[in-house]
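The listed protein sequences correspond, in order, to chains A and B. For the first sequence, the numbering used here begins at 1 and goes up steadily by one. For the second sequence, the numbering used here begins at 151 and goes up steadily by one. Written out below as structure tokens is the structure these notes cover.
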Amino acid sequence: MSQGQHGEAGRHVTADALEAYVMGMLDDIEVAEVERHVSKCSVCEQALMREATLEMAFERVVRESGRRSERAPEPARRVAQLRSGAIAGGAVGAFAMAAAVILWVVPASTHGGVSSSFGAEVEANVGAQPYAQAGDAADDSRITDARDGG
Amino acid sequence: LARSDEPRATASEPKAPTHDELCARALAGDMAAWNALVQRHNHRVVVSLLGRGMGLDRAKDVAQDAWMRLIEQQREGRLKTLQLPGLAIVQAGFLALETVRRETRHETSWRRHEPIDARPEAGEVPDPAIDAEARLLSNEQLARAEAVLARCSPSARKVFRLVYGNDGGMSHAEVADVVGLSVQRVRQIVCEVRKLLRAAVEGDEAKVVKP
């Protein structure tokens, strides 16, 4: 800003000077010069208020964009949690299934009696190696984990 | 007016107490520390009041009152932490609101004695309940400005966030130290980003070129 633009000649403070004022980029003498004019000139005072409003608005923009970027990873974290939960649930389910098969088959083969046709079918298919079957199921679930997780 | 390179360059001066040290000393009742903090942050407080639509002279008075209140609170042992300039800005905001409420009440009772056609329209009396932040920026303007900021280069964004973040941010000299640029370059970046955001807020985005 050239000299005299906000002096006694009555010329207004330039937009650059007002911007520099709100940004704290003027030295003490320049600040005093701007303030002397602004306190007597309602046009420049209004312009200064608008500039200050904008300055405060920029702080809000930074604050809001910061908040948004903090929230941004949240969906990704949620998906990861859901996926790990599903995987853990799958593994637990597989173990439960294997345990159920063992509980179903072992007593039947031990006591020699088959109570139903479903039990007979299970005995025919897996009864000879129940524990191997359970172990296989667990191994399968781990492979799925690795694939899902990777 | 030429833009000064030195007004905020307090942190880089050798042996000068850091901002945190000043705050700690002020909390312990050191008036010299309070003076240094007022000297450093008062302008920001005044600008925040101007941004609320307060005139310059009154803004300076209210800012002064806000500092006095903080010092009183410290002396009464009611101030446990001191985050500046944010706390002073908040204190000044409360005082500004109080002032507007008081004046609105006074104005209303005084106006009762005037003829009806001399009374102001409803819109002319400022509503103290209006949230100052919402008045600063509509959601649409905010979204536009955020989009523009997101499109700036990462280094420009970082500089801008350091200057305008954390309730008053850092001085240009401090930011220059942090990012390893000259104060002049930091100011150039801030001015460029500011120009973009101003255009975005004022709905004139197409006229400005990305830095």
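Cβ coordinates follow ideal geometry from the N, Cα and C atoms, glycine included. Treat the numbers as computed from the prediction; the structure is a model and nothing was measured.
In the three-state scheme derived from DSSP, where H, G and I count as helix and E and B as strand, Met181 of chain B is classed as helix. Gly353 of chain B is outside the set of residues whose beta carbon lies under 8 Å from a beta carbon in chain A. The beta carbon of Ile221 of chain B is closer than 7 Å to those of Trp184 in its chain, skipping five residues each way along the sequence. Under the 8 Å criterion on CB atoms, Leu245 of chain B is classed as non-interfacial with respect to chain A.
If you draw a 10 Å sphere on the C-beta of Lys210 of chain B, you find 16 or more other C-beta atoms in it, and that means buried.
In this structure, Leu292 of chain B lies away from Phe310 of chain B, with their beta-carbon atoms at least 8 Å apart. With a threshold of 8 Å between beta carbons, Val43 of chain A makes no contact with chain B. Annotated three-state conformation of His322 of chain B is helix, per DSSP. Listed along the chain, the chain B residues whose CB falls inside 8 Å of the CB of Leu48 of chain A are Leu200 and Leu206. Counting only residues of its own chain and dropping the five nearest sequence neighbours on each side, Ser332 of chain B has a CB closer than 8 Å to the CB of Ala326. Interface flag for Leu54 of chain A against chain B is set, since a Cβ pair is found closer than 8 Å. Gln241 of chain B and Leu287 of chain B have their alpha carbons spaced roughly 21 Å apart.
Under the three-state reduction of DSSP, Gly205 of chain B is assigned to coil, being neither helix nor strand.
Judged by beta-carbon spacing, Leu177 of chain B lies within the 8 Å limit of Gln224 of chain B, meaning their Cβ atoms are closer than that value.
The beta carbon of Glu45 of chain A is closer than 7 Å to those of Val38 in its chain, skipping five residues each way along the sequence.
For Val325 of chain B, not one C-beta of chain A is nearer than 8 Å to its own C-beta. Note on geometry: alpha-carbon atoms of Arg67 of chain A and Arg11 of chain A lie some 43 Å from one another.
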